[in-house]
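Every number in our numbering is 164 more than the matching position in the sequence shown, counting from 1.
Structure first, commentary second.
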Amino acid sequence: MLLPIIGILIFIALWAAVAKNIDTSLGEFPGPTQVWEQSFILVNEHKAQHEKAEAFYERLEKRNAKRVAEDPDYVPTLKIFTGAPTFFDQIWTSLYTVAVGFFVASIIAVPLGILCGLSKGTYAAINPLIQLFKPVSPLAWLPLVTMVVSAVYVSDDPMFSKSFITSAVTVSLCCLWPTLINTAVGVSSIDKDLINVSKVLRLNAFKHVLKIVLPSSIPAIFTGLRLSLGIGWMVLIAAEMLAQNPGLGKFVWDEFQNGSSESLARIMVAVLTIGVIGFILDRLMLSVQRHVSWDKSVSLR
Numbered sequence: 165m166l167l168p169i170i171g172i173l174i175f176i177a178l179w180a181a182v183a184k185n186i187d188t189s190l191g192e193f194p195g196p197t198q199v200w201e202q203s204f205i206l207v208n209e210h211k212a213q214h215e216k217a218e219a220f221y222e223r224l225e226k227r228n229a230k231r232v233a234e235d236p237d238y239v240p241t242l243k244i245f246t247g248a249p250t251f252f253d254q255i256w257t258s259l260y261t262v263a264v265g266f267f268v269a270s271i272i273a274v275p276l277g278i279l280c281g282l283s284k285g286t287y288a289a290i291n292p293l294i295q296l297f298k299p300v301s302p303l304a305w306l307p308l309v310t311m312v313v314s315a316v317y318v319s320d321d322p323m324f325s326k327s328f329i330t331s332a333v334t335v336s337l338c339c340l341w342p343t344l345i346n347t348a349v350g351v352s353s354i355d356k357d358l359i360n361v362s363k364v365l366r367l368n369a370f371k372h373v374l375k376i377v378l379p380s381s382i383p384a385i386f387t388g389l390r391l392s393l394g395i396g397w398m399v400l401i402a403a404e405m406l407a408q409n410p411g412l413g414k415f416v417w418d419e420f421q422n423g424s425s426e427s428l429a430r431i432m433v434a435v436l437t438i439g440v441i442g443f444i445l446d447r448l449m450l451s452v453q454r455h456v457s458w459d460k461s462v463s464l465r
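Following this line, the structure appears as structure tokens:
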């Protein structure tokens with residue numbers, strides 16, 4: 165534990181020293197102290213906003229109860245608190261969006277990667293498409309996805325907002341390729357002895373995949389999943405900033421447009437939060453990999 169702590173302390177010391185010498189149009193670049201103070205302010209703003217919401221719903225409940233007492237035929241109206249989302253609300257929105265986009269990408273990429281790894285013909289057919297779309301920037305996908313979602317997702321009472329669908333689809337498109345490629349490589353690299361065991365036991369296609377292919381290719385699959393999740397989290401923030409969809413990206417952009425003396429410190433809070441969440445997501449995926457991997461002796465990092 166000592167070496168990581170030393171590294172963090174050195175980083176904070178360098179940050180504090182350099183920040184004092186940087187003057188921007190919004191004032192001095194925030195150091196660790198200003199960022200720490202703004203983090204508490206954001207927590208207090210979150211608490212205050214939720215207290216307002218609770219008070220709103222209490223008033224609404226009392227008002228409806230009074231109207232029903234006066235008129236038994238009155239149907240209470242259900243109103244939603246429309247206050248601005250707080251920093252923590254934006255975090256939850258981004259986490260939910262990236263989880264959905266990553267899940268959709270994974271359930272497409274893993275089976276397709278297994279199929280590519282088992283069949284050279286399938287891989288030869290799909291590989292040109294992989295190489296064509298893999299380098300495409302999420303910022304190039306975003307306008308197309310936005311237009312398609314606006315044209316296709318039409319409903320008077322939508323289950324999900326268009327902004328959520330747009331962000332989730334953009335994340336999915338960018339998460340596909342690392343998982344697909346690593347899964348295909350992992351499946352195609354299975355030890356020939358294991359393939360022969362499957363033939364000797366006369367396993368059908370389903371049991372062959374379940375008993376031989378998946379356990380052997382777990383490390384490669386999870387390498388792809390971890391890469392995809394990291395890319396998806398990075399892509400989501402950029403997409404939220406560009407399209408002004410709810411989430412941490414929009415919070416950063418709004419603070420930049422706000423231009424107050426505290427904006428830079430609040431943006432730094434968001435930047436550090438994005439990094440910490442990305443680290444936690446990667447550690448969670450690593451924990452899942454350790455749990456499902458059959459070889460517990462392998463050191464995973």
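Virtual Cβ for every residue (Gly too), placed ideally from N, Cα, C.
Under the criterion of beta carbons closer than 8 Å, residue 238 and residue 227 do not qualify as touching, at roughly 11 Å.
Residue 258 is positioned such that its CB atom lies closer than 7 Å to that of residue 411. If you check the CB distance, residue 189 and residue 433 do not come in under 7 Å.
Residue 386 sits buried, since 16 or more C-beta atoms from the chains shown fall within 10 Å of its C-beta. Non-local beta-carbon contacts of residue 399 in its own chain, meaning distances under 6 Å to residues more than five positions away in sequence, involve 302, 335 and 338 in chain order. For residue 267, the enclosing alpha helix (DSSP H) begins and ends at 251-282. In this model, residue 456 and residue 382 are separated by some 8 Å (Cα to Cα). In the three-state DSSP reduction, residue 192 falls in the strand class (E or B). For residue 244, the closest C-alpha among the options 284, 217 and 233 is that of 217. In this structure, residue 402 lies away from residue 340, with their beta-carbon atoms at least 7 Å apart. Residue pairing by DSSP places residue 235 opposite no residue, since no beta bridge is assigned to it.
When the beta-carbon positions are compared, residue 366 and residue 446 stay at least 7 Å from each other. In terms of CA proximity to residue 332, 264 leads the group 284, 264, 277 and 271. The closest CA to that of residue 182, considering only 225, 195 and 356, is found on 195.
Between the alpha carbons of residue 225 and residue 325 lies a gap of roughly 27 Å. Residue 306 places its beta carbon 7 Å or farther from that of residue 229. At least 7 Å separates the beta-carbon of residue 394 from that of residue 346. One alpha carbon belongs to residue 193, the other to residue 252, and they sit about 24 Å apart.
Taking 7 Å as the cut-off, the Cβ atoms of residue 191 and residue 425 count as close.
Three or more pairs of CB atoms, one per stretch, sit closer than 8 Å, so the segment 276-291 contacts the segment 343-360. For the pair residue 222 and residue 250, the CB atoms are not nearer than the 7 Å cut-off. Excluding residues up to 5 positions away in sequence, 405, 431 and 434 lie with their Cβ nearer than 7 Å to the Cβ of residue 416 in the same chain.
Look at the segment 297-360 and you find these whole runs of alpha helix (DSSP H), each 4 residues long or longer: 302-316 and 326-352. Counting of Cβ neighbours within 10 angstroms places residue 295 among the exposed residues, the total staying below 16.
Leaving aside the five residues that flank residue 427 on each side, the residues in its chain whose CB is nearer than 8 Å to its CB run, in chain order, 190, 419 and 420. For the 7 Å CB-CB criterion, residue 351 and residue 377 form a contact. Taking a 10 Å sphere around the C-beta of residue 206, we find 16 or more other C-beta atoms and assign the residue as buried. The bridge partners DSSP lists for residue 418 come to none. With a cutoff of 7 Å on beta-carbon distance, residue 409 and residue 327 are scored as near each other. The beta-carbon distance between residue 329 and residue 313, rounded to whole angstroms, is 5 Å. This is short enough to meet the 8 Å contact definition.
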